[in-house]
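The next block holds one structure in the form of C-alpha cells; read it before the comments.
Number of protein chains: 2
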Amino acid sequence: PQIQYESLDYDVCENKLFHAEQRKRLRDRFSLRIHVIRWIIFILIGIITALNACFVNIVIDLLSEQKYKFLKASVEQNVPVNGGDGDLALPYLWWLLLSVVPVAVGATMVTYIEPITAGSGIPQVKCYLNGVKVPRIVRIKTMAVKTIGVITTVVGGLAGGKEGPMIHAGAVVAAGISQGKSTTFVKDFRIFKAFRDDHEKRDFVLGGGAAGVAAAFGAPIGGMLFSLEEAASFWNQNLIWRTLIASIISSFTLNIVLSAYKGLENFTFTGLFNLGKFKEPLTFAYFELPIFMLFGVAGGLLGATWNALNTLINKVRRRFVPWKLGKVAEAVVISIIGVTLATIMIYFIDDCRPLDKERISYPVQLFCEDNEYNAVAALWFQTPEATVRALFHDEEGAHNIRTVGYFTLVYYFLACATFGLNVSLGVFIPTALVGAAWGRLVAMQFLDWFPDAHFLNPGKYALIGAAAHLGGVLRMTISLSVILMETTGAETSFFFPLIIALISAKWVGDYFNEGIYDMVIEESHAPILPWEPVPQYKGLTALEILSKPVVCIKLRDSAHYIYEVLLRCDHNGFPVVDDVKDNRRCEGRVCGIILRSQLIVILLKSLYVENKRFWLPETSIQTFREVYPRYPSIKSVRPLDRKENYTVDLSMFMNPSPVRVNNHDSVPKIFNIFRALGLRHMLVISNENRIAGIITRRDFIYK
Amino acid sequence: PQIQYESLDYDVCENKLFHAEQRKRLRDRFSLRIHVIRWIIFILIGIITALNACFVNIVIDLLSEQKYKFLKASVEQNVPVNGGDGDLALPYLWWLLLSVVPVAVGATMVTYIEPITAGSGIPQVKCYLNGVKVPRIVRIKTMAVKTIGVITTVVGGLAGGKEGPMIHAGAVVAAGISQGKSTTFVKDFRIFKAFRDDHEKRDFVLGGGAAGVAAAFGAPIGGMLFSLEEAASFWNQNLIWRTLIASIISSFTLNIVLSAYKGLENFTFTGLFNLGKFKEPLTFAYFELPIFMLFGVAGGLLGATWNALNTLINKVRRRFVPWKLGKVAEAVVISIIGVTLATIMIYFIDDCRPLDKERISYPVQLFCEDNEYNAVAALWFQTPEATVRALFHDEEGAHNIRTVGYFTLVYYFLACATFGLNVSLGVFIPTALVGAAWGRLVAMQFLDWFPDAHFLNPGKYALIGAAAHLGGVLRMTISLSVILMETTGAETSFFFPLIIALISAKWVGDYFNEGIYDMVIEESHAPILPWEPVPQYKGLTALEILSKPVVCIKLRDSAHYIYEVLLRCDHNGFPVVDDVKDNRRCEGRVCGIILRSQLIVILLKSLYVENKRFWLPETSIQTFREVYPRYPSIKSVRPLDRKENYTVDLSMFMNPSPVRVNNHDSVPKIFNIFRALGLRHMLVISNENRIAGIITRRDFIYK
Ligand SMILES: Nc1ncnc2c1ncn2[C@@H]1O[C@H](COP(=O)(O)OP(=O)(O)OP(=O)(O)O)[C@@H](O)[C@H]1O
Ligand SMILES: Nc1ncnc2c1ncn2[C@@H]1O[C@H](COP(=O)(O)OP(=O)(O)OP(=O)(O)O)[C@@H](O)[C@H]1O
Ligand SMILES: [Mg+2]
Ligand SMILES: [Mg+2]
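Protein sequences appear in the order of chains W and E.
Here my numbering is used: position 331 in the first sequence is 331, and no number is missing along the way.
Here my numbering is used: position 211 in the second sequence is 914, and no number is missing along the way.
Structure representation (C-alpha cells):
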C-alpha cells in the first residue's frame, strides 16, 4: 500500500487567536522565557542524542568483543596450532549461528513491529526537513526499534554501519523532547506546549539531525553543514546558531561519556566513528592532483554502478518477496552468504603476517606460524569501522594485494545486497570501507610496480578512495568533505585533494543517476522538492500547473457544508472566500486559508456563531494546539444534518495572510517563493483577487 | 554629506524580454554554457583573491623585515652592547620616521583619493550582502587604494591588521570579474554579459567575501560560514557549493604561492594569518569549563567597553576634525603616540631573557647581557600577527607578567584609538592580540600564585582569551570559532571550550551594545535589515508601515508623464497599474512594477509605441543590461515637452510578478518574506487588488 504523504506547514498561521496570544505574551514577558526554553531544548537534544549514540556504540562494542573472542577461541580449539591441517567446519557453524540469530531478531523486529525503521533513516529525515510528513517517522517507538535493530544487525556482522540510524535517532529525540509528549506512551507531560506546531518542530528536527551527525562522526561542523546541505533555503542566523550548539553539545557529551568508558583522560576520544587521526600531516604534490581527480572519476563510476545495482536489486526484491516472513528470510540468507564468503576467503587465501599485538584486536593464528597471524581473518574478525581505520592507518606493506583485492570485491557486492534489506542499517561505513579498500589497493599495486614512487602513501590513498567512493554513492559533497576532515584530523591544506576527489566523483556520478538517498526517496514516491525547479517547468506560468476548481469555504459558512466538504474531499487546505455570488464559492474573493485540522477542531468543539457566548471566553490558540499533531479524522465528528442550522465564522480562525501569487507569474519564480518560505499551500489569484487556483507541493513535482 | 544608499534588486525581473532570452537560450543550449561559465568565474574569484592576498602579505613581510632590521641595527649602534647606559634618542627618531611616513602616505591616499576605503571594509561588504548598495564599494580603484593603504599602515606599525581589507578585496574582485568590465578603467571586455544584474552580482560577491576570508585566515570552511552568517536567508545548495569552492580554491592558491615563496615543500604553509598550529593537542578538564565561561564574560565586558569607547572616540573625531588634512594629521599623531609609548616601555621596563634564536625574529640586546635579549623590544619589534603567534605558542615562563600587563593595557587603548582613523585597517588582529595578551596574563598570574595548577597552560588560555575578546568585540560567533579552529589546528574536542568562551562573550556583550561592525554600520546610517523584525513591529500590520499615496504609472502612459515623474521624485520603483479612473493612478489595479533605471533607458532610447517598428526587432534584455550598473540620470534625457505625444507601453518591460501582500498582513510576516526573497519593493494591495501602498527597505527600519 502506498503511503499517503502529507506536508508540513512552515508558514505560521497568524490568525486572531495567535495575535491574542502574542499580546498576552508581551504582557507576561513570556517572550524571553520562550527563548530561554528553546535554547534549553536544543541543548537537551544534543545531550540525549549523544547518550543514545553512546549506548548503541557501547553495546555494539561489548557484544562484538564477545562474539569475536568466542570465534577466535573456537578457531584455535579446532585448528591445531602448529600448522596442522585443521577443520574450520565447527567455527564456521558457530559464526553462522552468531550472525544469523541477531540478524533474524533485528529483521523480525523491523518487519513486524515498525517497517519504517528499515534502512538508514537519512532519506526519511531528509524528507522531513524538506517538508514532507513521513508517517510515524519521529516516534519514540520508531527510535526504540531502530536502536535495537541497528545493534543486532551490526553485531550480526551485516555489511552496514550505525551512523544513519543515529542521525535518525537524533531527529526523533528532537521531535520527542520539543513536544513534551509521546504518542507511543500516550503521555502528555504538559510542557513545551508553545512549541506544538510544524514550524517549531521542523526547526528542532533540524537541530536533532545535526546533533545526530555530530554524535555519529564526532564532527560538529559537519553536523551543522549536513543540516544545511539537506534543508537550507529558509535558514536564518538564529537557527544556524542553535543547530551548531546542538551539534557541539552532542559531540562534547559523546566525548565525555566515551572517554570515561574507554578510561581515557582529557577527552581525547573524539566521535564514534573516529576514522583515526593521521599522525603525520598529510601532504601532496602538484602532480598528484590529476591522480586525485582520476580517483574521483573512478569513485563516481563505481558509485553510480553501485546505486543502480542496489536499486535494481531492491526492485527485484520488492517484486518477488512481498511477504513479511520472506523479508526476514532474505536478511538471514544475505547474512549466511556473507559469513560463507568470508570463511572461504579465510580458508583459501594464505596470508600470514608477523604479529603486532597493538594493532590487531583479535589475531587468529590459523594455519600460520607462531608469532604470525592470519591477515584475512583479521580483516573479517572486526567491525567494519575498525577495518576502515586499519586501511587508513596501517603502515606500508601491512596488507597483501590479493587479500585486499578479494576483500574489496566481496564487500562491494555484499554491501549492495545488504542495503535495502528489512533491517536498520546505514550505508556510510560500508561505502567508506569499499572506497578505502580500493584506494589502498591501487596505491599498493602501483607501489609494487614503481617502488620509488614514495608519494604513494597507501593510507592517504585509502582516504582519497573513501572520499571518492562516498562522493560517488552519497553525493553530499559539502558535509561529507567536512566530516572526513573532522574525523581524520587532516590538515586544512588537505581539504583541496579531498574536495577534488569528491567533486569529480559527484559530477561523474550525477551524469548517470542520483545519490543513493535520493534514489531511495524516489522509490518511496515522497513528494520532495528539488533545489531548483525542474527544467521542464521553465517558461510555464502558474496557470499551467494550478489545480481548479478550488474547493473553497465562505467566510461565514454553514457547519453542514463544511462537514460535507471534509467528508467528500481530502485536501488539507481550503481557501476562505467572501463576496460569493450564487454560491459559486470557487469564484469568490480570497480572504484567507483554513486548514482541515482547524475545521475538524471547530466542528468537534462546536465553535459555532450561534453558541458563541459559551465557547468564546475559553477558546484560545491552545485549543487547537492540544490535539497537535494527531488530529482526529472527520469520521470522529458527530454527523451534522441539514436541519441543524449552525454557522461557522472563520474570520477568527483562518490564516488571513496566505501567500498569494498571480496567475501569470512564472513557475520558477513561484517555486522559489514556495521553497524559500517553506509553504504548503499557495493561492493563485486573478487580477481581481478572485481565486484562480491552488498550488501545493504535488503540483511542483514533474510527472 | 550623508550617503544616499540605494538597494540591490535580488528579485529577477521576468518581463517579456527576459522570457524571450530564456527561450533563445533553450534553443541555443546556452544554459549549460552559462552554468560552466559561472563555475569558472567562481574559480577565478578564488584564485585572484588569493593572489591579491599573497601580494599584500609578501610586500608587508619584506618591508617590515627591512624596517625592523634597520631599527635593530640602529639600536645596536647607539646603545653600547655591554650593559652601558646608551641613548635611545636616535633609534626613536628613526622609528618615528619609519612609522610616520608610511602612515601619512596611507592616510593621504585614503582621505584624498577614496574615503570609502577607510576602516576594515567588512561592514561595507556586510551591507552589500544584506542588499544595500554602498556607492563605489566594489570598484577596482577602491581595491587599489585599499591594498596600498593597508600595506602602508601595517608597515607603519599602526595597531591594525590586514584581514578586513583582504575580505573587502575579495568582494571587489568578485564584482569586477563577474561583470567583465571596469568603471575605473572605463573598459568593457564584452564578456560575462549575462551576469550583469544585481542578483548575479550579489551571489558572486558572496563567493568573493568567502574567498577573502579563506585567503586571510587560511580557513576555507570559516570563509563559507562567514558569508553564511552575514548573508544567509536566501541561500540554496548551489550557492553554498560555489561559495565553498571559491574559498577552497582561494586557500589552496594562497598555500601554493606562499609555500613557494617561503621555500617550503609540500604546501605546509596554511593561510596568511596562520595563528600557528598547536603542537600538543589542547586538552581540558571539567572544572575548567567555568573558567572558560568567566573568560568569556570578561571578554564580553572588555569588548563591549572597547566598542563603546571606540564609537565615542570616533564621534568626537568626526565632530572636531572634519577637515581632510586634519584626518591625515590624526593618523600621524596616533602613530607617534604608539611609537612613543612603545619606546617608553622598552626604556623603562627591564626584562631580559636568554636568547632563543629560533623564536624571535629580531632580537635586540639593548641593556641586556650577552646571550640575552630584551623581551619588551621583542614584543614591539614585529608585526602584531607574529606577536599573537608568540603569545599562543611560547612555552611557559617565556614572558614576564609586568611586560605583558603593560603591553595589554597600551595595546587595548591604542587599538581603540586606531580603528576609525582614515586609514585602511582591520580590527581582527589587534583584537585577537589584546585577547591573547590578557588571556596569557591571567594564566601567568594564577600560575604564579598556584604553581601546582598545571592545567594553566598559558598558550591555551591565550587562545581562549583571544576567542573571548574577539567574541566580545566582533560577535560573529559561528565563523569566528571555526576560523580559530582552522588557523590553530585545534582538535575537534577543543571546539567546546572555544564556543563556550565565544558564546558567553557574545551574550554578555550583547547586553550592552552591538558588535563593532554593526556599530560602524549604524554610524553610517546604512539601512541594513536585521535578522528578525524589531520587537516594536510585533502586532503591527502592513497598513501601519507602508508609504502612500504611491506614485504609479499606467500600463500605457505618456512619455511626458513618465519624464515628469522621474524628475519630480527619486523613488526607484513604480507600480504599474491599469483600470485607472479619472487619472487617479494611485488607486489603480496593480499589474506589475517598473524600475527607474528601466524607465530611463526607455526614454533615452525612445522606445515608444509610435515608433515601434524601428526599435522592436533589435530590443532585447541586453539593451537594458548594457548600461548596468551605472544608469544615466534623468538629467541626461532630452527634456520632453507636452506637445510630443509619445506613449510608452510598459507591458513588455515591467516586472509582471512583483511580490504583493495584503494590507492586513502582519509586519513580522511580510518582513520574513522581504528578507527571505531579498526584495527591494513590496506592493501592498487591498482586497480588490488595488494598490494600497508600497514598502521598501527603509520602511522596515525602526525610527
Ligand atoms: N482546496 C483545494 N481545492 C482543490 N484542489 C486542491 C485543494 N487543495 C489541494 N488541491 C489540489 O489537490 C492535489 C492534491 O493536494 P492535496 O489535497 O494532497 O494537498 P494537501 O493535502 O492540502 O497538501 P499536502 O498534501 O501537501 O499536505 C494538488 O494538485 C492540489 O493542487
Ligand atoms: N513609487 C513610490 N511611491 C510612493 N512612495 C514610494 C515609492 N517608492 C518608494 N516609496 C517610499 O519612499 C520612501 C523612500 O524609498 P526610496 O524612494 O528610497 O525607495 P527606492 O529608492 O525605490 O528603494 P531603495 O532606496 O531601497 O533602493 C520609502 O518609505 C518608500 O516606501
Ligand atoms: Mg495531501
Ligand atoms: Mg532610495
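Where a beta carbon is used, it is the ideal one built from N, C-alpha and C, also for glycine.
Among the options, nearest to residue i - alpha-carbon criterion
{"i": "residue 161 of chain W", "options": "W:120, W:139 and W:563", "result": "W:120"}
{"i": "residue 107 of chain W", "options": "W:166, W:249, W:77 and W:425", "result": "W:425"}
{"i": "residue 600 of chain W", "options": "W:581, W:186 and W:573", "result": "W:573"}
{"i": "residue 1335 of chain E", "options": "E:1351, E:1306 and E:1317", "result": "E:1306"}
{"i": "residue 420 of chain W", "options": "W:87, W:111, W:98 and W:32", "result": "W:111"}
{"i": "residue 88 of chain W", "options": "W:521, W:75 and W:645", "result": "W:75"}
{"i": "residue 1172 of chain E", "options": "E:1115, E:1015 and E:1235", "result": "E:1115"}
{"i": "residue 98 of chain W", "options": "W:462, W:64, W:180 and W:243", "result": "W:64"}
{"i": "residue 1366 of chain E", "options": "E:1358, E:1348, E:1388 and E:1047", "result": "E:1388"}
{"i": "residue 381 of chain W", "options": "W:646, W:345 and W:371", "result": "W:345"}
{"i": "residue 7 of chain W", "options": "W:640, W:197, W:558 and W:506", "result": "W:197"}
Residue i at chain E interface by Cβ criterion, 9 Å
{"i": "residue 550 of chain W", "result": "no"}
{"i": "residue 127 of chain W", "result": "no"}
{"i": "residue 401 of chain W", "result": "no"}
{"i": "residue 656 of chain W", "result": "yes"}
{"i": "residue 108 of chain W", "result": "no"}
{"i": "residue 55 of chain W", "result": "no"}
{"i": "residue 429 of chain W", "result": "no"}
{"i": "residue 700 of chain W", "result": "no"}
{"i": "residue 495 of chain W", "result": "yes"}
{"i": "residue 458 of chain W", "result": "no"}
C-beta neighbour in chain W for residue i, strict 9 Å
{"i": "residue 722 of chain E", "result": "yes"}
{"i": "residue 717 of chain E", "result": "yes"}
{"i": "residue 1195 of chain E", "result": "yes"}
{"i": "residue 1378 of chain E", "result": "yes"}
{"i": "residue 1242 of chain E", "result": "yes"}
{"i": "residue 1391 of chain E", "result": "yes"}
{"i": "residue 853 of chain E", "result": "no"}
{"i": "residue 940 of chain E", "result": "yes"}
{"i": "residue 947 of chain E", "result": "yes"}
{"i": "residue 955 of chain E", "result": "yes"}
{"i": "residue 882 of chain E", "result": "no"}
Whole-number beta carbon distance between residue j and residue i, since they are thought to touch under 8 Å
{"i": "residue 1094 of chain E", "j": "residue 1045 of chain E", "result": "The Cβ separation is near 17 Å, so there is no contact."}
{"i": "residue 250 of chain W", "j": "residue 465 of chain W", "result": "With 8 Å as the limit, residue 250 of chain W and residue 465 of chain W do not qualify as a contact, their Cβ atoms being about 29 Å apart."}
{"i": "residue 435 of chain W", "j": "residue 299 of chain W", "result": "6 Å"}
{"i": "residue 379 of chain W", "j": "residue 403 of chain W", "result": "7 Å"}
{"i": "residue 1182 of chain E", "j": "residue 925 of chain E", "result": "5 Å"}
Check: residue i C-beta below 8 Å from any heavy atom of ligand 5
{"i": "residue 527 of chain W", "result": "Judged by which ligands are present, ligand 5 is missing from the structure shown, whose ligands are ligand 1, ligand 2, ligand 3 and ligand 4."}
Residue i: contacting residues in chain C (beta-carbon distance under 8 Å)
{"i": "residue 898 of chain E", "result": "The structure shown contains no chain C; the protein chains it does contain are W and E."}
>> Please list, in chain order, the residues of the segment 912-924 of chain E that have any C-beta partner in chain W closer than 9 Å.
In response: 921, 922, 923 and 924
> ligand 2: which residues have Cβ under 5 Å from any of its heavy atoms, chain order?
Replying inline: E:709, E:710, E:1250, E:1253, E:1254, E:1274, E:1275, E:1276, E:1277, E:1397, E:1399, E:1400, E:1401 and E:1402
>> Tell me which residues of the segment 28-49 of chain W have at least one Cβ-Cβ distance to chain E shorter than 9 Å, keeping chain order.
In response: 31
> Mind listing which residues of the segment 480-491 of chain W have their C-beta closer than 9 Å to chain E's C-betas, in chain order?
Replying inline: 481, 482, 485, 486, 487, 489 and 491
>> Closer than 7 Å between beta carbons: that is the criterion. Which residues of the segment 1202-1225 of chain E meet it against chain W?
In response: 1202
> When you check each C-beta in the segment 986-1006 of chain E against every C-beta of chain W, which residues fall closer than 9 Å?
Replying inline: 986, 987, 988 and 989
>> Against chain E, which members of the segment 659-671 of chain W pass a CB distance test of less than 9 Å?
In response: 659, 660, 661, 662, 664, 665, 666, 668, 669 and 670
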